[in-house]
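Visitor: Okay, so the sequence shown: first residue is 832 according to the numbering used here, each after it adds one.
C-beta atoms are modelled at their ideal positions from N, C-alpha and C, and glycine is treated no differently.
Remember, predicted model here, so these are calculated numbers, not experimental data.
Could you have a look at this structure, given as C-alpha cells, before my questions?
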Amino acid sequence: MIACFPLHNLKQLEWFWKQWVENWSVAEYMKVPLAEIRDYFGEPTAFYYGFMMFYLKWLVWPTLIGSIFFLVQLGYERVDVPGLFLLALFIIFWCVAFVDFWIREESRYRLLWGMTKFQSKAVARPEFKGEWRHDFVSGLWIEHYSIAYRLVKGTFVFSGLLTWMAGCVIAVIYVLLLRDAHPTDLGLKVGLGILNGVMIAVFDVVYRLVSQHGNEWENHRTDQDFHNALISKSFIFRFFNSFSSLFYLAFIRPYAKGYFCFMCVS
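Structure representation (C-alpha cells):
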C-alpha cells in the first residue's frame, strides 16, 4: 500500500511544524523554506508560498505610506487632505512595479526548479480522450483532439456561463433596487441585505459546479490547460458576482430614475 499510495513523512512534517509554523520570530517572519516546500509538496505549492512571501514584502511600503496619510486625515478630520494625489500616484507606480518584479521573481523560481520548459514536457491528462494519429514529424503516435470540436464546446459552455452570470447580476441589482424603493423600512433593508449576501454565495457554488463540468466536457489535454481554462471562467464570474453590488452603488444608484434621494434626507 505504501508503494502505491505515498504517505506523509512524519519527520518532515514535524520539521515544517517546528521550523515554520511555530517559528514566529520577527527575523524569520518573512522567510519561507521554499526549497523544502518544493521538494516535499511540489512546485505549485512552492510557487504559491513564494508569491505570498513576495506579496507581503511588497506590502510594507504601501502600509507605511498609507498609515501616514491616514494619520494626516485624522488630524484634518476629512478624507481630502493636501498631497493625497501623491499617494494615488505611488499606488499606481507600485502596482506596475509589483507585477513586473514578480514576473522576474517567478522566472527565477522557474529556472531554479527546472520549470522553464514545463509546457513542452507536459503529459496528457488521464481524463483526456482523443483519437490516436501518426505524427509525420516525430514519427510517433499521439492522441489528438479536434480544435474545432473544442471551440464549439467552449462556445456552448461560455454562452451558458455568460447567461447564468447575467442572470446573477440582474438578480443582485434587482434586490438592491427593491431595497432602495423602501428606504424607511429598516426590516426590509436588513433582510434584503442578508439575502444579497446569501445569493452571492449560492450563485458562486452553483457556478463553480457548472463550470467544472463544462471544463471537463471541453476535454483539455494537459492539466495546465485545464486549470487555466477553469481559472479564467471562475475569475470572470466572481469578479461580476462579488462587485456588481458595488458597481450599482457607485454608478447606477445615484443616477437611477425613480430613486428617492433618501441619502440626502439621511
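Distance check for Trp933 and Phe885, CA to CA, integer angstroms please.
Guide: Counted from its first residue, the sequence shown places residue 885 at position 54. Counted from its first residue, the sequence shown places residue 933 at position 102. Distance between the alpha carbons of Phe885 and Trp933: 8 Å.
Visitor: Work out the CA separation of Leu993 and Lys842 for me, nearest whole Å.
Guide: The residue given as residue 842 occupies position 11 in the sequence shown. The residue given as residue 993 occupies position 162 in the sequence shown. Answer to the nearest angstrom: the Cα atoms are 49 Å apart.
Visitor: Taking Arg956 as part of the beta strand (DSSP E), name the residues at either end of that continuous run.
Guide: Counting from 1 along the sequence shown, the entry for residue 956 is found at position 125. No beta strand (DSSP E) contains Arg956, which DSSP labels as neither H nor E.
Visitor: Relative to the C-alpha of Leu1061, which candidate in Glu974, Ser990, Glu1047 and Phe1074 has its C-alpha closest?
Guide: Against the sequence shown, residue 1061 aligns to sequence position 230. Of Glu974, Ser990, Glu1047 and Phe1074, the residue nearest in Cα terms is Glu1047.
Visitor: Mind checking which residues open and close the alpha helix (DSSP H) that includes Glu974?
Guide: Translated into the one-based positions of the sequence shown, residue 974 becomes position 143. That residue, Glu974, is in no alpha helix (DSSP H); its beta strand (DSSP E) goes Trp972 to His975.
Visitor: Measuring alpha carbon to alpha carbon, tell me which residue in Met1030, Leu1007, Ser856 and Arg964 is nearest Trp995.
Guide: One-based indexing of the sequence shown puts residue 995 at position 164. Comparing Cα-Cα distances from Trp995 to each of Met1030, Leu1007, Ser856 and Arg964, the minimum goes to Met1030.
Visitor: I'd like to check one pair, Val1006 with Asn1027: are the Cβ atoms closer than 7 Å?
Guide: Within the sequence shown, residue 1027 is the residue found at index 196, counting from 1. Within the sequence shown, residue 1006 is the residue found at index 175, counting from 1. Going by C-beta atoms, Asn1027 is nearer than 7 Å to Val1006.
Visitor: Going by C-alpha to C-alpha distance, which of Ile1004, Val930 and Phe967 sits closest to Ala1081?
Guide: For the purposes of this step, residue 1081 is identified with residue 250 of the sequence shown, where counting begins at 1. Answer by Cα proximity: Ile1004.
Visitor: Taking a contact to mean a Cβ-Cβ separation below 7 Å, would you say Trp851 touches Pro864 in this structure?
Guide: Reading the sequence shown from its first residue, position 20 is the one you call residue 851. Reading the sequence shown from its first residue, position 33 is the one you call residue 864. Yes, they are a contact pair.
Visitor: Does the stretch 969-983 come within contact of the stretch 898-913, defined as at least 3 CB pairs closer than 8 Å?
Guide: No, the stretch 969-983 is not in contact with the stretch 898-913.
Visitor: In angstroms, rounded to a whole number, what distance separates the CA positions of Val910 and Ile922?
Guide: Within the sequence shown, numbered from 1, the residue matching residue 910 stands at position 79. Within the sequence shown, numbered from 1, the residue matching residue 922 stands at position 91. One C-alpha to the other measures close to 17 Å.
Visitor: Which residue wins for smallest C-alpha separation from Pro1085, given the options Pro837, Asp1011 and Gly985?
Guide: Numbered from its first residue, the sequence shown carries residue 1085 at position 254. Selected option, being the one with the closest Cα: Asp1011.
Visitor: Does the Cβ of Val927 have 16 or more other Cβ atoms within 10 Å, making it buried, or fewer, making it exposed?
Guide: Walking along the sequence shown from the start, residue 927 turns up at place 96. Exposed, by the Cβ-count rule.
Visitor: Along the chain, where does the alpha helix (DSSP H) containing Lys849 start, and where does it finish?
Guide: As a working note, residue 849 is residue 18 in the sequence shown. Run containing Lys849: none; DSSP gives neither H nor E here.
Visitor: May I ask you to report which of helix, strand or coil DSSP gives Trp963?
Guide: Here residue 963 refers to the residue found at position 132 of the sequence shown. Reduced to three states, the DSSP call for Trp963 is strand.
Visitor: Spatial neighbours of Leu1017 within its chain, please: CB distance less than 7 Å, with the 5 preceding and 5 following residues excluded, ordered by chain position.
Guide: For this step, residue 1017 is matched to residue 186 along the sequence shown. If we look at Leu1017 and ignore the five residues flanking it on each side, it has no Cβ neighbours.
Visitor: For the alpha helix (DSSP H) holding Glu908, just list the boundary residues, first then last.
Guide: Residue numbering aside, residue 908 sits at position 77 when the sequence shown is read from its first letter. Per DSSP, Glu908 belongs to no alpha helix (DSSP H) and is neither H nor E.
Visitor: What is the DSSP secondary structure of Arg1052, counted as helix, strand or coil?
Guide: Here residue 1052 refers to the residue found at position 221 of the sequence shown. Note: Arg1052 maps to coil in three-state DSSP.
Visitor: Check for me: the alpha helix (DSSP H) holding Tyr1086 runs from which residue to which?
Guide: Walking along the sequence shown from the start, residue 1086 turns up at place 255. No alpha helix (DSSP H) contains Tyr1086, which DSSP labels as neither H nor E.
Visitor: Which word fits Leu982, buried or exposed, when buried means at least 16 other C-beta atoms lie within 10 angstroms of its C-beta?
Guide: What you label residue 982 is simply residue 151 of the sequence shown in a count that begins at 1. Classification for Leu982: exposed.
Visitor: Identify whether Asn840 lies in helix, strand or coil by the three-state DSSP scheme.
Guide: Within the sequence shown, numbered from 1, the residue matching residue 840 stands at position 9. The answer is coil: DSSP assigns Asn840 none of H, G, I, E or B.
Visitor: What are the boundary residues of the alpha helix (DSSP H) that includes Gly881?
Guide: As a first step, residue 881 is located in the sequence shown; it is residue number 50 there, counting from the start. Where Gly881 is concerned, the enclosing alpha helix (DSSP H) stretches over Glu874 to Trp889.
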